[in-house]
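Asks: In order, the protein sequence lines correspond to chains V and E. Sequential numbering of the first sequence, starting at 1, is according to my numbering. Sequential numbering of the second sequence, starting at 417, is according to my numbering. No residue lacks a Cβ here, since even glycine has one placed at the ideal position from N, Cα and C. As the structure is a prediction and not an experimental result, all values here were calculated from the model. Below you will find the structure I want to go over with you.
There are 2 protein chains.
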Amino acid sequence: MSVGIRHDDLRRRNRAMVIAAVRRAGRPSRTEIAATTGLSHSTISAISSDLIGEGILAEGKPSEAGALKRGRPQVGLGLNPEAAAVMTVVLSLNFLSVAVIDYAGQVISEEQRRLDTLTMSREALIGECVAIVRRRLEDPDIDVRSVARIALAIQGITDTKARAMLWSPITPQTDIAFADILEAEFGIPATMENDCNMMAVALRWRDPERYRDDFIAILLSHGIGMGLVLKGELFTGTHSSGGEFGHMIHRPGGALCRCGRRGCVEAYAGNYAIWRNARQLSEDTEPVADVSDAQMRALAATARERAGPEREAYRKAGEALGYGLGSLFALIDPAPVAMVGVSAAAFDLIEPALREAIAQTAGGQHSESISFDAEPNELPLIREGCAMRALTFVDQEIFAPGMQTKAGPAAKKNVA
Amino acid sequence: MSVGIRHDDLRRRNRAMVIAAVRRAGRPSRTEIAATTGLSHSTISAISSDLIGEGILAEGKPSEAGALKRGRPQVGLGLNPEAAAVMTVVLSLNFLSVAVIDYAGQVISEEQRRLDTLTMSREALIGECVAIVRRRLEDPDIDVRSVARIALAIQGITDTKARAMLWSPITPQTDIAFADILEAEFGIPATMENDCNMMAVALRWRDPERYRDDFIAILLSHGIGMGLVLKGELFTGTHSSGGEFGHMIHRPGGALCRCGRRGCVEAYAGNYAIWRNARQLSEDTEPVADVSDAQMRALAATARERAGPEREAYRKAGEALGYGLGSLFALIDPAPVAMVGVSAAAFDLIEPALREAIAQTAGGQHSESISFDAEPNELPLIREGCAMRALTFVDQEIFAPGMQTKAGPAAKKNVA
DNA sequence: CAGTGTTTTTTCGAGGCTCGAAAAAATAGG
DNA sequence: CCTATTTTTTCGAGCCTCGAAAAAACACTG
Numbered sequence: 001m002s003v004g005i006r007h008d009d010l011r012r013r014n015r016a017m018v019i020a021a022v023r024r025a026g027r028p029s030r031t032e033i034a035a036t037t038g039l040s041h042s043t044i045s046a047i048s049s050d051l052i053g054e055g056i057l058a059e060g061k062p063s064e065a066g067a068l069k070r071g072r073p074q075v076g077l078g079l080n081p082e083a084a085a086v087m088t089v090v091l092s093l094n095f096l097s098v099a100v101i102d103y104a105g106q107v108i109s110e111e112q113r114r115l116d117t118l119t120m121s122r123e124a125l126i127g128e129c130v131a132i133v134r135r136r137l138e139d140p141d142i143d144v145r146s147v148a149r150i151a152l153a154i155q156g157i158t159d160t161k162a163r164a165m166l167w168s169p170i171t172p173q174t175d176i177a178f179a180d181i182l183e184a185e186f187g188i189p190a191t192m193e194n195d196c197n198m199m200a201v202a203l204r205w206r207d208p209e210r211y212r213d214d215f216i217a218i219l220l221s222h223g224i225g226m227g228l229v230l231k232g233e234l235f236t237g238t239h240s241s242g243g244e245f246g247h248m249i250h251r252p253g254g255a256l257c258r259c260g261r262r263g264c265v266e267a268y269a270g271n272y273a274i275w276r277n278a279r280q281l282s283e284d285t286e287p288v289a290d291v292s293d294a295q296m297r298a299l300a301a302t303a304r305e306r307a308g309p310e311r312e313a314y315r316k317a318g319e320a321l322g323y324g325l326g327s328l329f330a331l332i333d334p335a336p337v338a339m340v341g342v343s344a345a346a347f348d349l350i351e352p353a354l355r356e357a358i359a360q361t362a363g364g365q366h367s368e369s370i371s372f373d374a375e376p377n378e379l380p381l382i383r384e385g386c387a388m389r390a391l392t393f394v395d396q397e398i399f400a401p402g403m404q405t406k407a408g409p410a411a412k413k414n415v416a
Numbered sequence: 417m418s419v420g421i422r423h424d425d426l427r428r429r430n431r432a433m434v435i436a437a438v439r440r441a442g443r444p445s446r447t448e449i450a451a452t453t454g455l456s457h458s459t460i461s462a463i464s465s466d467l468i469g470e471g472i473l474a475e476g477k478p479s480e481a482g483a484l485k486r487g488r489p490q491v492g493l494g495l496n497p498e499a500a501a502v503m504t505v506v507l508s509l510n511f512l513s514v515a516v517i518d519y520a521g522q523v524i525s526e527e528q529r530r531l532d533t534l535t536m537s538r539e540a541l542i543g544e545c546v547a548i549v550r551r552r553l554e555d556p557d558i559d560v561r562s563v564a565r566i567a568l569a570i571q572g573i574t575d576t577k578a579r580a581m582l583w584s585p586i587t588p589q590t591d592i593a594f595a596d597i598l599e600a601e602f603g604i605p606a607t608m609e610n611d612c613n614m615m616a617v618a619l620r621w622r623d624p625e626r627y628r629d630d631f632i633a634i635l636l637s638h639g640i641g642m643g644l645v646l647k648g649e650l651f652t653g654t655h656s657s658g659g660e661f662g663h664m665i666h667r668p669g670g671a672l673c674r675c676g677r678r679g680c681v682e683a684y685a686g687n688y689a690i691w692r693n694a695r696q697l698s699e700d701t702e703p704v705a706d707v708s709d710a711q712m713r714a715l716a717a718t719a720r721e722r723a724g725p726e727r728e729a730y731r732k733a734g735e736a737l738g739y740g741l742g743s744l745f746a747l748i749d750p751a752p753v754a755m756v757g758v759s760a761a762a763f764d765l766i767e768p769a770l771r772e773a774i775a776q777t778a779g780g781q782h783s784e785s786i787s788f789d790a791e792p793n794e795l796p797l798i799r800e801g802c803a804m805r806a807l808t809f810v811d812q813e814i815f816a817p818g819m820q821t822k823a824g825p826a827a828k829k830n831v832a
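Dropping the structure here:
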């Protein structure tokens with residue numbers, strides 16, 4: 001079970017805490033850090049002096065310009081942008097997007113590229129990823145040695161260890177250990193994350209007021225995905241990235257899903273399902289490979305304009321999502337929901353049936369109080385989530401190490 | 417967010433760790449404790465010497481009599497039974513059961529009582545609970561002052577703070593803050609737990625090999641309940657005890673459930689549902705109040721004997737449970753399952769349809785590898801779980817105290 | 001039965017860490 | 001220029017854990 005706390009863990013953890021406080025607060029003063037961490041001023045002073053000496057933090061103006069106060073002005077502590085850099089790689093349908101981000105979170109280099117992910121061979125897919133990363137690393141603006149971490153995100157299922165993609169709708173290939181591949185190729189630690197989990201991470205940084213301890217991000221796109229934060233922690237399955245909300249069963253034996261099974265929520269609410277129903281095709285019809293965002297927007301426009309199969313298709317989607325959420329809420333209790341992706345722009349068409357369905361379920365006891373947010377564009381969210389994930393890794397594992405590196409050679413004395 | 421680690425927390429946590437190690441291992445030697453906690457021998461020596469001095473631990477023979485080894489024999493450390501005592505109160509349909517348990521986990525006094533929970537008034541129900549607790553505390557064998565904790569368990573929904581029962585099938589009353597009531601009455605800290613969660617806790621102590629980090633306990637009784645352990649932690653909802661597996665939706669608009677809604681898993685797999693289907697009554701038939709265990713066993717016997725509505729009823733139950741588990745597994749990935757309660761004794765009738773259904777779902781990809789255990793008797797499990805819950809509370813909160821009660825009246829000012 | 005080997009447990013000094021109090025620093029206001 | 005105020009640093013005290021060595025407790029051996 002869990003292990004005792006060694007004496008040296010103490011400093012490590014408190015260092016991590018200080019870095020985290022700075023990352024969250026922007027440019028807090030030492031006093032503010034002391035307040036949020038609960039540690040004493042002396043401790044914060046010692047730790048931050050270390051961190052500045054190591055080039056991790058840098059002093060600057062305090063965050064609030066309201067420095068028109070009486071006493072000694074606060075000195076803001078900020079992350080030193082040059083302390084490190086991280087790289088994000090987002091692989092989505094027919095699209096590959098890479099960015100290099102400095103330690104303070106600013107994008108310093110990026111590249112995007114169209115691919116035909118559905119038909120590419122395994123080697124080609126891996127090759128493209130490796131190549132685009134290599135090009136960014138060779139960018140003269142980038143100091144390769146400063147890149148401390150790569151975070152990949154992909155639509156689909158990844159493993160809990162964040163090493164491999166297990167399955168993805170964007171490619172017929174399975175079980176690609178992207179993290180291991182990139183690590184071997186570039187010698188930079190890498191992780192392979194699930195796209196919806198990264199959306200959830202990003203929402204938490206974007207709006208910590210609303211998305212704090214418990215919330216749900218649902219991707220309404222070609223497939224239906226979910227990122228779930230419970231009790232302040234990203235929820236993952238025990239073996240995989242988990243949270244396959246889209247493949248909860250809505251109707252046993254029902255509509256044909258892209259995954260080959262029947263009755264999944266996605267088989268009613270995914271783009272292909274809405275499109276299939278809007279065209280009044282049978283529920284047994286093989287899901288089409290891709291419906292463009294433009295087509296979906298046109299469908300939504302028609303549905304808004306007049307009653308008909310289009311509107312009914314959105315109603316069915318809402319119903320499936322509502323019952324699915326109801327079942328989910330039976331397990332975890334209701335929580336704020338963010339709808340992300342192209343169909344989030346059609347949430348007005350989905351919401352009535354969704355709320356009606358949810359009211360029929362155990363989780364819907366206070367269905368009117370459940371609040372939904374819509375964000376049509378998932379890509380920026382996924383990128384942000386990846387960046388934060390990689391940066392917090394650097395914060396914790398690289399700048400607050402001490403697992404077993406007893407290697408301390410020269411005892412460092414106080415920095416003058 | 418999380419708070420820095422103070423210097424005094426260190427000792428507190430390591431004390432708790434040592435106590436936990438002793439509770440898990442039985443009579444470990446100091447050397448064994450050092451090994452499992454990862455702390456040094458000197459530290460373990462210091463802490464255990466403190467704990468013995470405080471009467472929390474006691475020396476004794478080592479756990480393994482295989483002490484025929486060469487050197488200085490190990491000295492076993494055990495929990496001192498007289499260090500404290502706890503009380504468990506389990507309230508189930510028409511039955512109230514109380515036990516007093518010493519610090520080492522032995523029952524030292526108990527009492528059970530039949531009640532008519534379904535028709536009792538709120539006051540009568542509370543009164544019975546208070547009275548039975550009082551009688552146990554007045555037992556001359558018990559030192560009242562040693563009773564450090566009361567843990568109640570009830571079938572139904574409790575709140576996350578473990579203070580109150582929110583809703584229960586065993587009584588029409590709602591929102592009874594049992595924990596507060598008992599605390600006020602006896603001045604002993606109390607918690608109100610969900611029965612299925614306690615089953616899960618107990619399974620973990622009974623068989624840590626099988627039920628370690630991720631597993632599911634499902635109560636198949638009049639209602640369907642669930643206790644879920646994920647990543648080594650008891651899973652609860654964000655507001656309530658959560659994990660209302662029985663009220664996930666199996667068929668939208670389907671059979672009438674005891675909760676008043678339609679299509680819940682329970683409306684197919686609860687005792688009343690199996691009974692209703694076996695009698696070939698309509699799915700709209702109002703659920704009967706109670707089906708006796710004897711009636712259920714008779715039903716199962718008939719189903720085993722010949723094809724007919726009884727067998728079909730169990731098949732439907734299996735199907736509902738299978739699809740429900742499939743949806744659950746879509747979220748959390750498959751995990752070992754313990755089926756508990758009277759219908760667990762009929763699991764042979766349920767399993768085929770359950771496995772068939774689960775194979776139709778996303779979580780069922782490796783359905784044959786999912787393993788089920790059956791335990792027909794839930795009450796002992798619930799009692800054990802309560803006892804362990806109360807005892808670990810004493811371990812942590814009373815014998816390793818020192819929460820950072822920063823009681824600081826000098827809060828934050830600085831609002832220019 | 002004393003001596004030797006082995007394993008467990010305790011002791012002791014060293015080194016770190018956090019804390020509170022006090023000092024130092026930096027500014028606005030008068 | 002002096003004073004009040006707030007932030008930050010300094011310093012000694014008090015704990016805590018650790019490693020090494022000593023002490024303890026037994027089995028085995030001749």
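#1: Taking the continuous beta strand (DSSP E) assigned at E/Ile-586, which residues delimit it?
#2: To the nearest angstrom, how far is it from the Cα of E/Thr-533 to the Cα of E/Leu-568?
#3: Can you check whether the C-beta of V/Pro-401 is within less than 8 Å of a C-beta belonging to chain E?
#4: Along the alpha helix (DSSP H) that carries V/Thr-31, what are the first and last residues, could you check?
#5: Is the distance from the Cβ of V/Asp-195 to the Cβ of V/Ile-154 below 8 Å?
#6: What is the DSSP secondary structure of E/Asp-424, reduced to helix, strand or coil?
#7: Report yes if the CB atom of V/Val-86 is closer than 8 Å to the CB atom of V/Leu-331, and no otherwise.
#8: From E/Arg-428 to E/Ala-450, what distance separates their C-alpha atoms?
#9: Just to confirm before moving on: does the CB-CB distance between E/Ile-573 and E/Ser-637 stay below 8 Å?
#10: How big is the Cα-Cα spacing for V/Cys-257 and V/Ala-202?
#11: Provide the residue span of the alpha helix (DSSP H) that contains V/Asn-271, from first to last.
#12: Which same chain residues end up closer than 6 Å to V/Ala-345 when comparing Cβ atoms and leaving out the 5 residues on each side of it in sequence?
#13: Name the one or two DSSP bridge partners that E/Cys-680 has.
#14: Suppose contacts are defined by Cβ-Cβ distances below 8 Å. Is V/Asp-395 in contact with V/Ala-21 by that definition?
#15: What is the rounded straight-line gap between the Cα of V/Arg-6 and the Cα of E/Leu-455?
#16: Decide if the region 291 to 308 of chain V is in contact with the region 245 to 260 of chain V; the criterion is three or more beta carbon pairs, one per stretch, under 8 Å apart.
#17: For the pair the region 711 to 721 of chain E and the region 732 to 744 of chain E, tell me if three or more CB-CB distances fall below 8 Å.
#18: Please confirm whether any heavy atom of the ligand NAD lies closer than 7 Å to the CB of V/Arg-311.
#19: Enumerate in chain order the residues of its own chain whose CB-to-CB distance from E/Leu-715 is below 6 Å, with the five nearest sequence positions on each side excluded.
#20: Could you tell me whether the Cβ of E/Tyr-688 comes closer than 8 Å to any Cβ of chain V?
#21: Can you tell me whether V/Val-415 is buried or exposed, with buried defined as 16 or more other CB within 10 angstroms of its CB?
#22: Is there at least one Cβ from chain V nearer than 8 Å to E/Gln-812's Cβ?
#23: By DSSP, does E/Leu-715 sit in helix, in strand, or in coil?
#24: Roughly how many whole angstroms lie between the Cα atoms of E/Gly-643 and V/Phe-329?
#25: Can you confirm whether V/Pro-169, when its beta carbon is compared against all beta carbons of chain E, has any partner nearer than 8 Å?
#26: Between E/Asp-557 and E/Asp-749, what straight-line distance do the alpha-carbon atoms span, to the nearest angstrom?
#27: For V/Arg-145, which residues from the same chain have a beta carbon less than 7 Å from its beta carbon, with the 5 sequence-adjacent residues on both sides left out?
#28: Taking just the CA atoms, how far does V/Gly-324 sit from V/Ile-274?
#29: Report yes if the CB atom of V/Ala-269 is closer than 8 Å to the CB atom of V/Ile-224, and no otherwise.
#30: Taking only runs that begin and end inside the region 572 to 649 of chain E, name each unbroken alpha helix (DSSP H) of 4 or more residues, in chain order.
#31: Please identify, using Cβ separations under 7 Å, the residues of the region 737 to 762 of chain E that lie next to chain V, in order along the chain.
#32: Should V/Gly-76 and V/Gly-60 be called a contact, given that it needs their Cβ atoms to be closer than 8 Å?
#33: Cβ closer than 7 Å: which chain E residues qualify as neighbours of V/Val-3?
#34: Using only the alpha-carbon positions, how far apart do E/Arg-628 and E/Gly-648 sit?
#35: Would you mind sorting E/Asp-575 into buried or exposed? The rule is 16 or more other CB atoms within 10 Å of its CB.
#36: Please state whether the Cβ-Cβ distance between V/Asn-94 and V/Arg-114 is less than 8 Å.
Replies: Walking through what the data contain:
#1: Indexing the second sequence from 1 puts residue 586 of chain E at position 170. No beta strand (DSSP E) contains E/Ile-586, which DSSP labels as neither H nor E.
#2: Locating residue 533 of chain E in the second sequence gives position 117, counting from the first residue. Locating residue 568 of chain E in the second sequence gives position 152, counting from the first residue. Taking the straight line from one Cα to the other gives about 16 Å.
#3: Translated into positions along the first sequence, residue 401 of chain V becomes position 401. Answer no: the Cβ-Cβ gap between V/Pro-401 and chain E never drops below 8 Å.
#4: Residue numbering aside, residue 31 of chain V sits at position 31 when the first sequence is read from its first letter. First-last of the alpha helix (DSSP H) with V/Thr-31: 30 to 37.
#5: Reading the first sequence from its first residue, position 195 is the one you call residue 195 of chain V. Reading the first sequence from its first residue, position 154 is the one you call residue 154 of chain V. Yes; because the gap between Cβ atoms is below 8 Å, this pair is in contact.
#6: Residue mapping note: residue 424 of chain E aligns to position 8 of the second sequence, counting from 1. The answer is helix: DSSP assigns E/Asp-424 an H, G or I state.
#7: The residue labelled residue 86 of chain V in the question sits at position 86 within the first sequence. The residue labelled residue 331 of chain V in the question sits at position 331 within the first sequence. Not closer than 8 Å, so no.
#8: Position 12 of the second sequence, counted from the start, is the residue given in the question as residue 428 of chain E. Position 34 of the second sequence, counted from the start, is the residue given in the question as residue 450 of chain E. Computed Cα separation, rounded: 16 Å.
#9: One-based indexing of the second sequence puts residue 573 of chain E at position 157. One-based indexing of the second sequence puts residue 637 of chain E at position 221. No, the pair does not count as a contact, with Cβ atoms beyond the cut-off.
#10: The sequence position of residue 257 of chain V within the first sequence is 257, counting from 1. The sequence position of residue 202 of chain V within the first sequence is 202, counting from 1. Rounded to the nearest angstrom, the two C-alpha atoms are 29 Å apart.
#11: In the first sequence, the residue the question calls residue 271 of chain V occupies position 271. Per DSSP, the unbroken alpha helix (DSSP H) holding V/Asn-271 starts and ends at 271 to 278.
#12: Mapped onto the first sequence, residue 345 of chain V falls at position 345. Within the same chain, V/Ala-345 has close Cβ partners Pro-376.
#13: Position 264 of the second sequence, counted from the start, is the residue given in the question as residue 680 of chain E. Answer by DSSP bridge pairing, in chain order: E/Ile-665.
#14: The residue labelled residue 395 of chain V in the question sits at position 395 within the first sequence. The residue labelled residue 21 of chain V in the question sits at position 21 within the first sequence. Contact flag unset, no.
#15: Along the first sequence, one-based indexing puts residue 6 of chain V at 6. Along the second sequence, one-based indexing puts residue 455 of chain E at 39. Take the alpha-carbon of V/Arg-6 and the one of E/Leu-455: they are about 7 Å apart.
#16: no
#17: no
#18: The ligand NAD is not part of this structure, which contains no ligands at all.
#19: Residue numbering aside, residue 715 of chain E sits at position 299 when the second sequence is read from its first letter. If we look at E/Leu-715 and ignore the five residues flanking it on each side, its Cβ neighbours are Ala-694, Glu-726.
#20: Residue mapping note: residue 688 of chain E aligns to position 272 of the second sequence, counting from 1. Not one chain V Cβ lies under 8 Å of E/Tyr-688.
#21: The residue you call residue 415 of chain V lines up with position 415 of the first sequence. Caution is warranted here: a pLDDT of 29 is assigned to V/Val-415, below 50, making its placement in the model unreliable, and the coordinate value is therefore given only provisionally. Within a 10 Å sphere around the beta-carbon of V/Val-415 sit fewer than 16 other beta-carbons, which makes this residue exposed.
#22: Indexing the second sequence from 1 puts residue 812 of chain E at position 396. Not closer than 8 Å to any Cβ of chain V, the Cβ of E/Gln-812 fails to qualify, so no.
#23: Taking the second sequence and counting its residues from 1, one reaches residue 715 of chain E at position 299. The answer is helix: DSSP assigns E/Leu-715 an H, G or I state.
#24: Your numbering for residue 643 of chain E matches position 227 in the second sequence. Your numbering for residue 329 of chain V matches position 329 in the first sequence. Taking the straight line joining both Cα atoms gives about 15 Å.
#25: On the first sequence, position 169 is the one that residue 169 of chain V refers to. Not an interface residue.
#26: Translated into the one-based positions of the second sequence, residue 557 of chain E becomes position 141. Translated into the one-based positions of the second sequence, residue 749 of chain E becomes position 333. Each residue's alpha carbon lies about 48 Å from the other.
#27: The count along the first sequence starts at 1 and reaches residue 145 of chain V at position 145. There are no such residues.
#28: Taking the first sequence and counting its residues from 1, one reaches residue 274 of chain V at position 274. Taking the first sequence and counting its residues from 1, one reaches residue 324 of chain V at position 324. Whole-angstrom Cα-Cα distance: 16 Å.
#29: Along the first sequence, read from residue 1 onward, the residue named residue 269 of chain V stands at position 269. Along the first sequence, read from residue 1 onward, the residue named residue 224 of chain V stands at position 224. Result yes, Cβ atoms of V/Ala-269 and V/Ile-224 sit closer than 8 Å.
#30: 594 to 602, 611 to 622
#31: Legend: CB atoms of the region 737 to 762 of chain E lying less than 7 Å from CB atoms of chain V belong to residues Tyr-739, Gly-742, Ser-743, Ala-746, Leu-747, Ile-748, Asp-749, Ala-751.
#32: The residue labelled residue 76 of chain V in the question sits at position 76 within the first sequence. The residue labelled residue 60 of chain V in the question sits at position 60 within the first sequence. V/Gly-76 is a Cβ neighbour of V/Gly-60, given a cutoff of 8 Å.
#33: Translated into the one-based positions of the first sequence, residue 3 of chain V becomes position 3. Neighbourhood of V/Val-3 in chain E, by CB distance below 7 Å: Thr-453, Gly-454, in chain order.
#34: On the second sequence, position 212 is the one that residue 628 of chain E refers to. On the second sequence, position 232 is the one that residue 648 of chain E refers to. Whole-angstrom Cα-Cα distance: 7 Å.
#35: Taking the first residue of the second sequence as position 1, residue 575 of chain E is located at position 159. E/Asp-575 should be labelled buried.
#36: To locate residue 94 of chain V, count along the first sequence from 1; it is residue 94. To locate residue 114 of chain V, count along the first sequence from 1; it is residue 114. A contact, by the Cβ cut-off of 8 Å.
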